[in-house]
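J.: Pasting a structure here, questions to come.
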Amino acid sequence: SSMFVFPHKLILKTCGTTTLLLGLRRLLRIAAVDAGFPFHNATSLDDVRVAATPYRVFYSRKNFLFPHRQRGPHSSWKDEVKFLDDTFENGSAYMVGRMNADHWYLYMTSPVGNTLTPPLTPSSSNGGSPTRSSKIPTGIITFPGAPEEQADETLEILMMDLDPELAKQFYLEQASAVADERVPAQAREARRAAHDSLGDIDGQAFVTDADHVDVFANSKDLDGAAPNAEQADIEARTTEGHALGTVVSDMCGLSQVYPKSAYPDSRIDAYLFTPCGFSANGVVPAPVPGPDGKCDKLDHYWTVHVTPEPVCSYASFETNVPGGQNGRATSEVINHVVSIFKPGRFTMTLFQAKKPADDDSLLVAPIKHMDTIKGYRRMDRIVHDFDDYYLIFRYYERE
Amino acid sequence: TFSPCERSPHLTINHEVAADLDSTNAFEGPEKLLEVWFAPSPRLLPPSVKEGGLKAVSPSTWEGMLDLVKCKILSIVRSEHVDAYLLSE
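Protein chains in written order, with this note's numbering: chain V, 14 to 412; chain L, -18 to 70.
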């Protein structure tokens, strides 16, 4: 699972039987109480119900493999929609793809324009008259300068029926064997000794990698306590899960999706689970600022999650790194990722924000290029034209 | 301008959680994905918002929310514009 926190938005992607939606109210409360975002469902921050007013909300997932094992509101799409409808005003739910095969669900709310509530400006909010409904309004605040100042584009590839041989890379046993071959015995022993000693240091919980040295006194210092200099010589070693995650990331080719040669400041954080399974987050910093010190671009992210067991093999890849320009084209990224897992079938979704003076030519180019994926037959091609986004959905099967 | 070193994302590992994690019982692949926007961009944060917006919220505060979700923080990569949390399960 992964979470990405920007100043203005939060993305939470959780695997397995996690209960993501049960954290939603707390998330909205934190945004109001701890970050100071406006709220309209209470008169003061002291109210236990207080929840920040979102600008927009997206919730999506593929159909589950074992829906009966899900908990809370996640046991069915109907229950999830009810939960979201009970939480927000003005939400819309969609199902995309084949009902009798791999399909994908989406719930979304939109900013002003789709709502019946008169808009507010940011300065006119924070408390005031709470809405009569227990639901949380969305999109009722207008922002001068909106819509988004820069392109917003999110690509997600969901892969099923992974190639069994390639899936073995994501097992601890195989990754350990690979690591043993690659890492000199002496370094391995040093890493193991460091790992053992870390376990003996009372209260030491957080260790950073070799490039940036921080050791925190205990788990309460997750927020960034002062480094302990005495421990600075051992924190270069990471836990086995992270160390092996890095090995797997390099060996399987994920590290090359956004290579250092093209994205020199990028950073990957990978973890190999026991006995199997893999997660990785990548951060791709924005281009270097111009001479005036200003940079209009944001840092971007990508994330991967892999479940390699044959009975339910699955891998997901998601990125908001813009395609094209000086980086890799979206079609290149898709081909690269698919070649790592060689799935039996996969879906691809691309959310693309419309620009103020948009014309449909912006939509046509990526669609054409993404149609052709080597070794795969495109089975479905669906485009949703929302008020401010295009949603492009594709479904492929191996030839 | 800022130096390449300052621009490089910074990794922090939660050793306490990461060292002993056992995912033997994890089985379901497809994820749930939630994206909540509170403003159209970081440049358009409302005046009431603290500097840094959501990014200024401490990881220990997020832990309370993640407990409800059944996730633990394994590690964090921090960059200028985004904090990337790697989570258990």
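Built from N, CA and C at the ideal position, the CB exists for glycine as well.
Computed from a predicted model, the values in this text were never measured in an experiment.
Would you please state the rounded distance, in angstroms, between the beta carbons of Leu175 of chain V and Pro288 of chain V? I believe it to be under 8 angstroms.
T.: Residue mapping note: residue 175 of chain V aligns to position 162 of the first sequence, counting from 1. Residue mapping note: residue 288 of chain V aligns to position 275 of the first sequence, counting from 1. About 17 angstroms; that fails the 8 angstroms criterion.
J.: Who are the near neighbours of Ser(-11) of chain L in its chain, counting only those whose CB is closer than 6 angstroms to its CB and skipping five residues on each side?
T.: Translated into the one-based positions of the second sequence, residue -11 of chain L becomes position 8. Correct list: empty, nothing qualifies.
J.: What does Lys75 of chain V reach in chain L if we use C-beta pairs closer than 7 angstroms?
T.: For this step, residue 75 of chain V is matched to residue 62 along the first sequence. By Cβ distance, chain L contributes Pro11.
J.: Just confirm the distance between the C-beta atoms of Leu(-8) of chain L and Val58 of chain L, as a whole number of angstroms; I'd bet it's less than 8 angstroms.
T.: Counted from its first residue, the second sequence places residue -8 of chain L at position 11. Counted from its first residue, the second sequence places residue 58 of chain L at position 77. Rounded, the Cβ-Cβ distance is 5 angstroms, consistent with contact.
J.: Establish whether the CB of Cys325 of chain V and some CB of chain L are separated by less than 8 angstroms.
T.: Position 312 of the first sequence, counted from the first residue, corresponds to residue 325 of chain V. Yes, Cys325 of chain V lies at the interface with chain L (some Cβ there is under 8 angstroms from its Cβ).
J.: In terms of residues, what are the limits of the beta strand (DSSP E) holding Thr362 of chain V?
T.: As a working mapping, residue 362 of chain V is identified with position 349 in the first sequence. That run of the beta strand (DSSP E) goes 358 to 366.
J.: Can you give me the C-alpha to C-alpha distance between Asp400 of chain V and Ile170 of chain V, rounded to a whole angstrom?
T.: Locating residue 400 of chain V in the first sequence gives position 387, where the first residue counts as 1. Locating residue 170 of chain V in the first sequence gives position 157, where the first residue counts as 1. CA-to-CA, the gap between Asp400 of chain V and Ile170 of chain V works out to about 24 angstroms.
J.: Just curious, the alpha helix (DSSP H) that Val58 of chain L is in, first and last residue?
T.: Residue 58 of chain L sits at position 77 when you count from the first residue of the second sequence. Note, Val58 of chain L: premise wrong, no alpha helix (DSSP H); beta strand (DSSP E) at 54 to 59.
J.: Judging by CA-CA distance, which residue of V:Ala164, V:Gly290, V:Gly295, V:Val317 is the nearest neighbour of Lys368 of chain V?
T.: To locate residue 368 of chain V, count along the first sequence from 1; it is residue 355. Of the candidates V:Ala164, V:Gly290, V:Gly295, V:Val317, V:Ala164 places its Cα closest to the Cα of Lys368 of chain V.
J.: With 8 angstroms as the threshold, decide whether the Cβ of Phe354 of chain V is near any Cβ in chain L.
T.: Here residue 354 of chain V refers to the residue found at position 341 of the first sequence. False, the Cβ-Cβ gap to chain L never drops below 8 angstroms.
J.: Cβ closer than 9 angstroms: which chain L residues qualify as neighbours of Ser87 of chain V?
T.: Numbered from 1 along the first sequence, position 74 holds the residue referred to as residue 87 of chain V. Position check: residue 87 of chain V holds His in this sequence, whereas Ser was assumed. Residues of chain L passing the Cβ test: Lys13.
J.: Quick check on Ile43 of chain V - is its C-beta less than 8 angstroms from some C-beta in chain L?
T.: Walking along the first sequence from the start, residue 43 of chain V turns up at place 30. Yes, Ile43 of chain V counts as interfacial toward chain L.
J.: Residues in its own chain within less than 6 angstroms of Tyr402 of chain V by CB, not counting five upstream and five downstream?
T.: Along the first sequence, read from residue 1 onward, the residue named residue 402 of chain V stands at position 389. If you ignore the 5 residues before and after Tyr402 of chain V, its C-beta comes within less than 6 angstroms of the C-beta of Phe364, Ala366, all in its own chain and listed in chain order.
J.: Skipping 5 residues on each side, what residues in its chain have a beta carbon closer than 6 angstroms to that of Leu119 of chain V?
T.: Here residue 119 of chain V corresponds to residue number 106 of the first sequence, with the count starting at 1. Excluding residues within five positions, the ones whose Cβ falls inside 6 angstroms are Ser73, Tyr107.
J.: Let's test the definition: count the other Cβ atoms within 10 Å of the Cβ of Glu243 of chain V and tell me whether it reaches 16, buried, or not, exposed.
T.: Taking the first sequence and counting its residues from 1, the one referred to as residue 243 of chain V is at position 230. Caution is warranted here: a pLDDT of 43 is assigned to Glu243 of chain V, below 50, making its placement in the model unreliable, and the coordinate value is therefore given only provisionally. Under this definition Glu243 of chain V is an exposed residue.
J.: Straight-line CA distance for Ala65 of chain L to Tyr314 of chain V?
T.: Reading the second sequence from its first residue, position 84 is the one you call residue 65 of chain L. Reading the first sequence from its first residue, position 301 is the one you call residue 314 of chain V. Looking at the two C-alpha atoms, the distance is approximately 8 angstroms.
J.: Quick one: Cα of Cys52 of chain L to Cα of Ser14 of chain V, how far?
T.: Along the second sequence, one-based indexing puts residue 52 of chain L at 71. Along the first sequence, one-based indexing puts residue 14 of chain V at 1. Each residue's CA atom was taken as its position, placing Cys52 of chain L and Ser14 of chain V some 8 angstroms apart.
J.: Assuming Thr27 of chain V contacts Leu35 of chain V under a Cβ cut-off of 8 angstroms, what Cβ separation, rounded to an integer in Å, is found between them?
T.: The residue labelled residue 27 of chain V in the question sits at position 14 within the first sequence. The residue labelled residue 35 of chain V in the question sits at position 22 within the first sequence. 11 angstroms between Cβ atoms; not a contact.
J.: State the CB to CB distance for the pair Glu9 of chain L and Phe77 of chain V, rounded to an integer number of angstroms; the pair is presumed to be in contact (CB under 8 angstroms).
T.: Numbered from its first residue, the second sequence carries residue 9 of chain L at position 28. Numbered from its first residue, the first sequence carries residue 77 of chain V at position 64. Going by Cβ atoms, the distance from Glu9 of chain L to Phe77 of chain V rounds to 6 angstroms, so yes, they are a contact pair.
J.: From this set, V:Tyr389, V:Pro132, V:Lys181, which residue's C-alpha is nearest Pro157 of chain V's C-alpha?
T.: Counted from its first residue, the first sequence places residue 157 of chain V at position 144. Ranking the options by Cα distance to Pro157 of chain V, first place goes to V:Pro132.
J.: Closer than 7 angstroms between beta carbons: that is the criterion. Which residues of the region 46 to 59 of chain V meet it against chain L?
T.: Asp47, Ala48, Gly49, Phe50, Pro51
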